[in-house]
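Numbering (our numbering), first residue to last: 1 to 71. Think of the CB as a built atom: it goes at the ideal place given N, C-alpha and C, for glycine as much as any other residue. Computed from a predicted model, the values in this text were never measured in an experiment. Below you'll find the structure, written out as structure tokens, and then a few comments.
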């Protein structure tokens, strides 16, 4: 978070905790959708493609191309 702000900016502990909670909820949201897909396909393991599919399905397709580079 600090890299995105000016050098003299401060981030309160509460703000950091709030962002962490949001990130955790986002991860859970995406993972739940990918898990549902795997259950429908009778698979036990979620893979990276499942997560990218879930992100696209849930409207986060703008991030998918960037994330493919990490896979």
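Checklist entry - Is it right to say residue 66 is buried, meaning 16 or more other beta carbons lie within 10 angstroms of its own, or is it exposed? => result exposed
Checklist entry - Between residue 30 and the rest of its own chain, which residues show a CB-CB distance below 8 angstroms, the 5 nearest in sequence each way excluded? => result 51, 54, 55, 58, 60
Item to check | Per-residue DSSP class, three states only, for residue 29 | outcome: helix
Checklist entry - Taking Cβ to Cβ, would you say residue 35 is nearer than 9 angstroms to residue 46? => result yes
Checklist entry - Does at least one heavy atom of the ligand ATP sit under 8 angstroms from the Cβ of residue 14? => result The model on display carries no ligand, and the ligand ATP is accordingly not part of it.
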